[in-house]
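Chains as they are written, first to last, in my numbering: chain A, 1 to 225; chain B, 1001 to 1225.
Yeah, the Cβ is synthetic: ideal placement off N, Cα and C, and Gly gets one too.
First up is the structure itself, then whatever we jot down about it.
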């Protein structure tokens, strides 16, 4: 009986990962972090996605990032498309993925789950250094040493382009759920269409040559935005 | 101008580290985590210690561990002196140090501080795997890859016995602050004297042949407990 825990943001990549996990493991659970993100709408998306996939869904709150402030995702700053002076996006929340994955591992530890799945991706990526394979490999080691555990952090999308991820999602039957996933950094529905996250999503579907089910399938959604 | 950030729990080891940092760096700041610990009294100790040392003190709250539950430090469980079935103390909070150090690094990142100091110790230690050098080394790498930073995590007490730590604290002039540090897991003042943390502290002072300033120096403290 192989169990896995998927870190589910409610976005397209983690939704695809959830379906990947369903194809690989006997039991799949999901965990979502409520960390004061401006796009709170993704919490609703995550819940809906887990419901469509028929898996259990846990929400863990983290109040710390908001107190740290200093970035456009958890503080009152406008999302910028250009990079900051440090060559990182102004949506970069230092340590966010390290913290998410570590808390997910702590939760998994308590549930005797040894397989974690996260949708981080290095190809066509968002510019966050903690989405890269080297960070994940080092973190996996730190977690296993620090918890005396044997966790495996799976990153099925790491080396895929956005277009390849979309084709994988289609093959895995994830499109009904993908119609409810949320991507827009500005937390808008319909999506704003011009933030870096919207642009990356749109580029992916264009390159895959498939319409985004968020636009084509979701009931009551206007066809143009 | 070398700046350091000390992870200050308010206990004897982090208090000693704070004085070590004062001897090594031009500017020292401290950070304490309010994570729902049953020994909330240590937050007061940390504040008092930072005040005596004359350094700035930041408190960051983390509400997540309480929601995770399952251990004797953040949930309603009695602190046990014997180990659990997994050979770990029942006060083990999975991922606690990983999370603390990562949040401290995120804070340091924002303050342009590159030196972190933590009082973890592998010799005479409390049985927590995330206090060991291998965990810290892996975590330092994960943090630096994940934040594109060049943080150094200093662990001056890593290979010292408790007795050696106490002699170091004396040499560094930390005893006035140490009188206000807090160790007891049961959050009691005067300390309960029988939890694993109290026993470890007492053993250290006995071996160093020096009276604990918490007992000998602190005004109004009963001489016997």
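Spatial distance of residue i from residue j (CA atoms)
| i | j | result |
| --- | --- | --- |
| residue 1046 of chain B | residue 1195 of chain B | 20 Å |
| residue 1208 of chain B | residue 1166 of chain B | 7 Å |
| residue 214 of chain A | residue 163 of chain A | 16 Å |
| residue 1160 of chain B | residue 1123 of chain B | 6 Å |
| residue 1082 of chain B | residue 16 of chain A | 44 Å |
| residue 1008 of chain B | residue 1058 of chain B | 9 Å |
| residue 1041 of chain B | residue 1189 of chain B | 8 Å |
| residue 224 of chain A | residue 174 of chain A | Here the model assigns residue 224 of chain A a pLDDT of 42, short of 50, so the residue's position is not dependable, and the following value carries that caveat. Their backbone Cα atoms lie some 23 Å apart in a straight line. |
| residue 1091 of chain B | residue 1078 of chain B | 9 Å |
| residue 1065 of chain B | residue 1035 of chain B | 6 Å |
| residue 1033 of chain B | residue 176 of chain A | 42 Å |
| residue 1288 of chain B | residue 1050 of chain B | This structure gives no information on residue 1288 of chain B, because the portion of chain B shown stretches from 1001 to 1225. |
| residue 142 of chain A | residue 1168 of chain B | 29 Å |
| residue 93 of chain A | residue 133 of chain A | 18 Å |
| residue 206 of chain A | residue 1144 of chain B | 35 Å |
| residue 149 of chain A | residue 1149 of chain B | 27 Å |
| residue 39 of chain A | residue 1202 of chain B | 50 Å |
| residue 67 of chain A | residue 1067 of chain B | 18 Å |
Sub-8 Å separation of residue i and residue j beta-carbons
| i | j | result |
| --- | --- | --- |
| residue 10 of chain A | residue 43 of chain A | yes |
| residue 1155 of chain B | residue 146 of chain A | no |
| residue 1108 of chain B | residue 1151 of chain B | yes |
| residue 1062 of chain B | residue 102 of chain A | no |
| residue 1186 of chain B | residue 1131 of chain B | no |
| residue 1019 of chain B | residue 1200 of chain B | no |
| residue 138 of chain A | residue 1053 of chain B | no |
Residue i, buried or exposed, once every other Cβ within 10 Å from all chains shown has been counted against 16
| i | result |
| --- | --- |
| residue 140 of chain A | buried |
| residue 1095 of chain B | buried |
| residue 1001 of chain B | exposed |
| residue 222 of chain A | Residue confidence is low: residue 222 of chain A scores 46 on pLDDT, short of 50, so the model does not pin down where it sits. No coordinate-derived value is stated. |
| residue 86 of chain A | exposed |
| residue 26 of chain A | exposed |
| residue 1023 of chain B | exposed |
| residue 211 of chain A | exposed |
| residue 71 of chain A | buried |
| residue 1084 of chain B | exposed |
| residue 1129 of chain B | buried |
| residue 1037 of chain B | buried |
Same chain only: Cβ atoms within 6 Å of residue i, ignoring 5 sequence neighbours per side
| i | result |
| --- | --- |
| residue 127 of chain A | 89 |
| residue 217 of chain A | 179 |
| residue 1204 of chain B | 1162, 1163, 1166 |
| residue 21 of chain A | 4, 6, 28, 117 |
| residue 1153 of chain B | 1116, 1136, 1140 |
| residue 1080 of chain B | 1090 |
Own chain, CB closer than 7 Å to residue i, minus 5 neighbours either side, in chain order
| i | result |
| --- | --- |
| residue 13 of chain A | 119, 121, 157, 165 |
| residue 31 of chain A | 5, 7, 8, 58, 60, 104, 107 |
| residue 198 of chain A | 183, 184, 191, 192 |
| residue 1048 of chain B | 1180 |
Any non-hydrogen atom of the ligand MG closer than 7 Å to residue i Cβ
| i | result |
| --- | --- |
| residue 1211 of chain B | This structure lacks the ligand MG, and indeed carries no ligand of any kind. |
Beta-carbon contacts of residue i that lie in its chain and below 8 Å, excluding the five residues immediately before and after
| i | result |
| --- | --- |
| residue 29 of chain A | 3, 4, 5, 6, 55, 56, 57, 58, 111, 113 |
Cβ of residue i within 8 Å of any chain D Cβ
| i | result |
| --- | --- |
| residue 1016 of chain B | You won't find chain D in this structure, because its protein chains are A and B. |
Exercise. Mind checking the segment 1133 to 1160 of chain B against chain A and listing, in chain order, the residues whose C-beta falls within less than 9 Å of any C-beta there?
Key: So the list reads 1134, 1135, 1136, 1137, 1138, 1139, 1140, 1141, 1142, 1143, 1144, 1145, 1146, 1147, 1148, 1149, given in the order they occur along the chain.
Exercise. Could you run through the segment 1048 to 1072 of chain B and flag, in chain order, every residue whose CB is less than 7 Å away from some CB of chain A?
Key: If the cut-off is 7 Å between Cβ atoms, the segment 1048 to 1072 of chain B has 1060, 1061, 1062, 1063, 1064, 1067, 1068, 1070 near chain A.
Quiz item: Going along the segment 1097 to 1119 of chain B in order, which residues come within less than 8 Å of chain A, judged by CB to CB distance?
Solution: 1097, 1098, 1099, 1102, 1103, 1105, 1106, 1107, 1109, 1110
Quiz item: In the segment 1170 to 1181 of chain B, which residues sit with their C-beta less than 8 Å from some C-beta in chain A, listed in chain order?
Solution: none
Quiz item: What residues in the segment 1183 to 1217 of chain B have a beta carbon less than 8 Å from any beta carbon of chain A?
Solution: Of all residues in the segment 1183 to 1217 of chain B, none has a Cβ within less than 8 Å of some Cβ in chain A.
Exercise. With 7 Å as the C-beta to C-beta threshold (strictly closer), list the residues of the segment 1003 to 1027 of chain B near chain A in chain order.
Key: none
Quiz item: Mind listing which residues of the segment 82 to 95 of chain A have their C-beta closer than 9 Å to chain B's C-betas, in chain order?
Solution: 86, 87, 88, 92, 93, 94, 95
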